[in-house]
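Participant: Can you keep this structure in mind? I'll have questions shortly.
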Amino acid sequence: MLTEMFTVKSYMQLLHVFLLVVLPYLNLALSSSRVGDHAETIRCIERERQALLNFKQDLIDDEGHLSSWGSTKDCCKWEGVHCSNHNTTTSHVTMLDLHTTDDYLLYQPLGGKISPSLHELHHLRYLDLSFNDDLYGPIPQQFSNLSNLRYLDLRGNYMLNIENLEWLSHLSLLSHLDLSMVELSKSTGWVQSISNLPLLKELHLSRCSLPGITASSSFHSNSSMSLSFVDLSFNSLSSSIYNWLFNFSSSLAYIDLGYNELKGSIPDAFGDMLSLTILSLPWNQLEGSLPKSFANSSHLQSLDLFYNNLTEELHEFLQKMFGAKNSLESLDLSSNRLKGALPDFTRFSLLRALYLNNNSLSGSFPKDVGSFPSLVYLSLSGNQITGSFPDLSVFPSLQTLDLENNQLNGTIDRSIGQLHKLRVFSCAFNLLNGTISEAHFSNLSSLWYLDFSYNALTFNFSSDWVPPFQLDVIKFSSCKLGPRFPMWLRTQNKFSVLDMSSNGIAGNFPSWFWDLSPGFTYLNLSHNQINGLLPDLSLKVQGTLPWIDLSSNLLTGPVPPIPPSLTFLKLSKNKFRESLYLLCVNTSGWLIYLDLSNNLLSGELPNCLSRFKKLSIISLAYNNLHGEIPISIGLLSQVRILNLRNNNLSGEVPAWLGTNLTSLGVLILRSNKFNRSMPRQLCQLNRIQILDLSQNHLSGNIPPCFSNFTSLVESNYYDVPTDYNYGGYAGDGGDGFMYISGTYVPNAFMQWKGQDQEYGKNLRLLKTIDLSSNKLSGKIPKQIGSLAGLHSLNLSRNTLTGKIIQEIGQMKMLESLDLSANKLSGEIPGSLAHLNFLSVLNLSSNNLSGEIPLSTQLQSFNVSAYSRNPNLCGLPLPNKCLGDPPITPQPKDTSIQEDEGRSIPQGFYVSIGLGFFFGFWGVFGTILFNSQSRHAFFMFLNHITDRIYVTIALNWARLQRRL
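Residue numbers for the sequence shown follow the working numbering, beginning at 4 and rising by one.
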């Protein structure tokens, strides 16, 4: 009863309090709410609001990302602005997040300048303006007033520049700093400024062009117990950075010094960092072996030493890392010079990624390897690993397996079919053989990248087989798939890369083939026996920048219209007929490479070629094209190789070839019907390396301006493109993308040292001029002698007169010289004996006279090199020169023999010994010298051997007279 009375009394008291105290406040709140219909509660401080508006005023915001700024008086509600919640009536701006995604197609970044007005935000703790790469100018020094700043991120703003980081020293509470890709090349005091941040934990300064520090520098640090993350990659820093970095040995957990200029051995100090979990030192010049101190790295999770010069035995390297056996998850030692056999790496029980590609590893795959369920990525490509294909069932979690470019032999183990998680598999460029059947792919439902190229593998699938996978990249080059198109390919309708070159495929394209994957980027079916007509490719191909190679087949009919997005088209060595008019139906703004050589094409060169503005390679050689070269080709300013040899083209060699196509490195017009004189404008081709106008009807003089050929004057100037890269992104079968790339090498038939040879990758090494088999007259211009980098000069079968120029001795790199079948006269210049690399010489069928100069080089050539010059004499020709001592029998007199024997000086025999010594080591020792040293040595050797040769010749003549 008392309890009930107390309860009622208590409720009455509470109600009284509510009516007297709480209700007035409730009425006030309700009143405020009603007023709110007409007036908002403003938490933003006016001074900070105005600072933000001033900041916006200096920005360029084309997409209106900051449209909310100013739409309401409460700046705490603006886009990217966050305020504190300590006070319900007013709040300070504590966070400004205006970062932009790095996908600029989806999000247009902010531009303009960073206003110093931000310094009014005294309570700002977080500032992120990253990836607004249209921001420019300096960072305001007033940032030093942001003394409460903990987080500062300005990465990705490469147009910003900071000449002095001294203002950072005032941000004593800063724990996260990211200035990656901001220009800091003039911030010489960056190290000291960073060292004065006592609470700094994360430092990101990648790609900042940081100035180096001196080896003798010492730095006082207040943050030795704080800094745990450092990224200084891509800065060209030297090993002097260690002096500063090792001040934080006790706290550092993440270090990235990749893509710098670190040299010498890996410092012991890295191994002594007991907190270190991530160490990344790729693309430096580190050498030697791993320090023994790494045995202490019991927390190390990732070690990246890609692309250095480490030379240690792999098993010794791993032995030193035994301390990390229970922590190591990723190890990248690719592109070093590590050697030895593959050790058993299963001791690292948590290892997920192992990259050992491009080293000097040998031996076979380790046997008796226990189950290794953690391994996901394994790359061993580019080594000399031998033996049979490994049993892969011990790696059940494997997603990427790269065994490319080794010496594995035998058959591929069917255990690969058990790797149901496998996405990427490549065993290209090995010695594998045998048959690939459906069993190899039984459970590979995740596979999207498959490369069996360049193995002796035969594919045997039933015609109704449906693979469990959907491939994006298919590479089977030089395997046996034919003679029919594989029917299982019909199920693969999402591929971006297909290479079935040299597969023995014959017959027509199946009707379904061109409808398989219109979005492909690369298609190579070259070197098969595919025949029939091509469809209108412009209707079939819709991919981005596709490459198509159907060369070396039996395709016929007209060249079809090409897709507007096409980059590369190679249809050479087929039986395409008719004219090229269909090429003009659809023009491609992207076409770079066009090779229709070795076909049966006829008609004139179409004017439409000028619409392919990006064309760099044009090869229409070995066809039946006629008429003149249309002036529209002169609009293709990016052409570097133009090959029109072996056609029926006529008219003049256009002067605009020299004035318009200034990027030409290779010009081949051989075996046509071009007439009249060579235009002087050709001399403006200062990048030319191969000029072949032979077997035409050219007349007149050789232009005297060949000294303008810069690339032929300089002995080490190579400008001809050796390859063209193709590439594109393909889905990796998961959530990401992988960049797929490759290389194509332009090829051309060149006459080299008297024989036609096809050159591909070595095309860039050739420097030749061939004007042979024309009707050129006049003298050889002296300016030709300035072509010190020329390898081959052929002026044969013309009507050139005058003497062989004395300046020819300046052409130090000349290997082949053919001046035969002209009307040259006079003596052979002595300077010709100074061409130490000359291996082919033909001066026959001229009117040369006098004695062949004495030298080891000139006397080493066959008699045919000098034949049909009636007035030429001296070795190696049989006819002696006037004034030579006659060869007559002499009476055998013992006293004379003794006298003449004594007349041969002792130095003669010494010369023979020296000749043998220098002759032997002059050949094999020169490979140790660079080109300049090699040239100097050969000149020195040549002078000595010439003197020895003359001494031998004179003494031999004495002996002949005596005998």
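Backbone N, C-alpha and C define an ideal beta-carbon position, used for all residues, glycine too.
1) So, does the region 283-295 touch the region 341-358, judging by three or more C-beta pairs under 8 Å?
2) Within a Cβ cutoff of 6 Å, which residues of the same chain sit near Thr559, ignoring the five residues on either side of it in sequence?
3) Beta-carbon separation of Asn663 and Ser640 under 8 Å?
4) On the DSSP letters alone, give me the boundaries of the beta strand (DSSP E) that Thr500 sits inside.
5) Just to confirm, are Pro1015 and Gly261 a CB contact at a threshold of 8 Å?
6) Since Asn506 contacts Phe523 with CB under 8 Å, what's their CB separation in whole angstroms?
7) Around the Cβ of Asp695, are there at least 16 other Cβ atoms within 10 angstroms (buried) or fewer (exposed)?
8) How would you label Lys895, buried or exposed, when you count the other beta carbons within 10 angstroms and need 16 or more for buried?
9) Could you check the C-alpha separation between Pro369 and Gln495 for me, to the nearest Å?
10) Do Leu574 and Leu557 have their C-beta atoms within less than 8 Å of each other?
11) I'd like to check one pair, Leu803 with Ile772: are the Cβ atoms closer than 8 Å?
12) What is the DSSP secondary structure of Gly668, counted as helix, strand or coil?
13) Take Lys576 and list the residues in its own chain whose beta-carbon comes closer than 7 Å to its own, dropping the five residues that flank it on each side.
14) So which of Leu113, Ser87, Glu51 and Ile45 has the shortest CA-CA distance to Ser70?
15) Going along the chain, which unbroken runs of the alpha helix (DSSP H) with 4 or more residues stay wholly within the region 230-309?
16) For Leu177 and Phe146, I'd like the C-alpha separation in whole angstroms.
17) Got a sec? Which residues, its chain only, sit under 7 Å from Lys826 by beta carbon, not counting five neighbours each side?
18) So the alpha helix (DSSP H) Asn57 belongs to, where does it begin and stop?
19) Rounded to whole angstroms, what is the Cα-Cα separation between Leu599 and Leu536?
20) Write down the C-beta distance between Ile533 and Phe512 rounded to the nearest angstrom, noting that I regard them as a contact closer than 8 Å.
21) Are the Cβ atoms of Trp491 and Tyr525 separated by less than 8 Å?
22) In its own chain, which residues sit with a C-beta less than 8 Å from the C-beta of Glu818, not counting the 5 before and 5 after it?
23) Apart from the five residues on each side of it in sequence, which residues of its chain come closer than 6 Å, Cβ to Cβ, to Thr473?
24) Between Gly115 and Leu55, how many whole angstroms is the CB-CB distance? I'm expecting something under 8 Å.
25) Should Gly654 and Leu628 be called a contact, given that it needs their Cβ atoms to be closer than 8 Å?
26) Thinking Thr82 and Gln111 are a contact (beta carbons under 8 Å), I'd like their distance in whole angstroms, please.
27) Inspect the beta-carbon positions of Leu364 and Lys342 and report whether they are closer than 8 Å.
28) Go to Ile197, then tell me how far its beta strand (DSSP E) extends in each direction, as first and last residue.
29) Going straight from the alpha carbon of His102 to that of Ser133, what length do you get?
30) What did DSSP end up calling Ile45 once you bin it into helix, strand or coil?
31) Taking 8 Å as the limit between beta carbons, can you name the residues of its chain near Thr10, skipping five residues before and five after?
32) When DSSP labels each residue in this structure, what does Ile634 get in the three-state scheme?
33) May I ask you to list the residues that DSSP assigns as paired with Glu186?
34) Is the Cβ-Cβ distance between Leu623 and Val642 less than 8 Å?
35) Looking at the secondary structure, which residues open and close the beta strand (DSSP E) in which Pro606 lies?
36) Using only the alpha-carbon positions, how far apart do Tyr678 and Pro657 sit?
Facilitator: For this structure:
1) no
2) Counting from one through the sequence shown, the residue named residue 559 turns up at place 556. Taken in chain order, the residues that qualify are Lys578.
3) Your numbering for residue 663 matches position 660 in the sequence shown. Your numbering for residue 640 matches position 637 in the sequence shown. Cβ distance < 8 Å, so Asn663 and Ser640 count as in contact.
4) For this step, residue 500 is matched to residue 497 along the sequence shown. According to the sequence provided, residue 500 is Val. The question's Thr does not apply to it. That run of the beta strand (DSSP E) goes Val500 to Asp502.
5) Any property of residue 1015 remains undetermined from this structure, which presents the chain solely from 4 to 966.
6) Stepping through the sequence shown from its first residue, residue 506 is reached at position 503. Stepping through the sequence shown from its first residue, residue 523 is reached at position 520. Contact doesn't hold; Cβ gap of about 17 Å is too wide.
7) Working through the sequence shown from its first residue, we reach residue 695 at position 692. By the 10 Å Cβ count, Asp695 comes out buried.
8) Locating residue 895 in the sequence shown gives position 892, counting from the first residue. Reliability of the predicted coordinates at Lys895 is poor, the pLDDT of 40 falling under 50, and the value obtained from them is presented with this limitation in mind. Classification of Lys895: exposed, given that the 10 Å Cβ count is below 16.
9) Taking the first residue of the sequence shown as position 1, residue 369 is located at position 366. Taking the first residue of the sequence shown as position 1, residue 495 is located at position 492. Their Cα atoms are separated by approximately 36 Å.
10) Walking along the sequence shown from the start, residue 574 turns up at place 571. Walking along the sequence shown from the start, residue 557 turns up at place 554. Going by C-beta atoms, Leu574 is not nearer than 8 Å to Leu557.
11) Here residue 772 corresponds to residue number 769 of the sequence shown, with the count starting at 1. Here residue 803 corresponds to residue number 800 of the sequence shown, with the count starting at 1. No, they are not a contact pair.
12) Translated into positions along the sequence shown, residue 668 becomes position 665. Note: Gly668 maps to coil in three-state DSSP.
13) Your numbering for residue 576 matches position 573 in the sequence shown. Around Lys576: Ser554, Ser555 and Asn601.
14) The residue given as residue 70 occupies position 67 in the sequence shown. The shortest C-alpha separation from Ser70 is found at Leu113.
15) 244-248 and 271-274
16) Residue numbering aside, residue 177 sits at position 174 when the sequence shown is read from its first letter. Residue numbering aside, residue 146 sits at position 143 when the sequence shown is read from its first letter. If I take the Cα positions, the gap works out to 12 Å.
17) Within the sequence shown, residue 826 is the residue found at index 823, counting from 1. Around Lys826: Thr802, Leu803, Thr804, Asn849 and Asn850.
18) Counted from its first residue, the sequence shown places residue 57 at position 54. Start and end: Glu49 to Gln60.
19) Sequence index remark: in the sequence shown, residue 599 carries index 596 (1-based). Sequence index remark: in the sequence shown, residue 536 carries index 533 (1-based). Spanning the two alpha carbons is a distance of roughly 15 Å.
20) For the purposes of this step, residue 533 is identified with residue 530 of the sequence shown, where counting begins at 1. For the purposes of this step, residue 512 is identified with residue 509 of the sequence shown, where counting begins at 1. That pair is a contact at about 7 Å.
21) Position 488 of the sequence shown, counted from the first residue, corresponds to residue 491. Position 522 of the sequence shown, counted from the first residue, corresponds to residue 525. Cβ atoms of Trp491 and Tyr525: not closer than 8 Å.
22) Looking up residue 818 in the sequence shown gives position 815. Same-chain partners within the cutoff: Lys756, His794, Ser795, Phe840, Leu841, Ser842 and Val843.
23) In the sequence shown, counting from the first residue as 1, residue 473 sits at position 470. Note on residue identity: the sequence assigns Gln, not Thr, to residue 473. Answer for Gln473: Lys497, listed in chain order.
24) Along the sequence shown, one-based indexing puts residue 115 at 112. Along the sequence shown, one-based indexing puts residue 55 at 52. In fact, because the Cβ distance is near 14 Å, the residues do not count as touching under 8 Å.
25) To locate residue 654, count along the sequence shown from 1; it is residue 651. To locate residue 628, count along the sequence shown from 1; it is residue 625. Not closer than 8 Å, so no.
26) Here residue 82 is taken as the residue at index 79 of the sequence shown, counted from 1. Here residue 111 is taken as the residue at index 108 of the sequence shown, counted from 1. Before going further, note that residue 82 is Glu rather than Thr in the sequence given. Actually they are not in contact, since the Cβ atoms of Glu82 and Gln111 sit about 14 Å apart, beyond 8 Å.
27) Residue numbering aside, residue 364 sits at position 361 when the sequence shown is read from its first letter. Residue numbering aside, residue 342 sits at position 339 when the sequence shown is read from its first letter. Yes.
28) Translated into positions along the sequence shown, residue 197 becomes position 194. Segment Trp193 to Ser198 is the alpha helix (DSSP H) holding Ile197; no beta strand (DSSP E) there.
29) Your numbering for residue 102 matches position 99 in the sequence shown. Your numbering for residue 133 matches position 130 in the sequence shown. Whole-angstrom Cα-Cα distance: 5 Å.
30) On the sequence shown, residue 45 is found 42 positions in, with the first residue counted as 1. It is coil, neither helix nor strand.
31) Here residue 10 refers to the residue found at position 7 of the sequence shown. Its pLDDT being 39, under 50, Thr10 is placed unreliably in this model, and the value from its coordinates should be taken loosely. Answer for Thr10: no residue qualifies.
32) Sequence index remark: in the sequence shown, residue 634 carries index 631 (1-based). Of the three classes helix, strand and coil, the one that applies to Ile634 here is helix, per DSSP.
33) Taking the sequence shown and counting its residues from 1, one reaches residue 186 at position 183. DSSP, once it has assigned bridges, lists Asn164 as partnering Glu186.
34) Your numbering for residue 623 matches position 620 in the sequence shown. Your numbering for residue 642 matches position 639 in the sequence shown. Against a cut-off of 8 Å, the Cβ pair of Val642 and Leu623 comes out as no contact.
35) The residue labelled residue 606 in the question sits at position 603 within the sequence shown. According to the sequence shown, residue 606 is Gly rather than Pro. Per DSSP, Gly606 belongs to the beta strand (DSSP E) from Ser605 to Glu607.
36) Your numbering for residue 678 matches position 675 in the sequence shown. Your numbering for residue 657 matches position 654 in the sequence shown. The sequence shown places Asn at residue 678, rather than the Tyr named in the question. So the two alpha carbons sit approximately 11 Å from each other.
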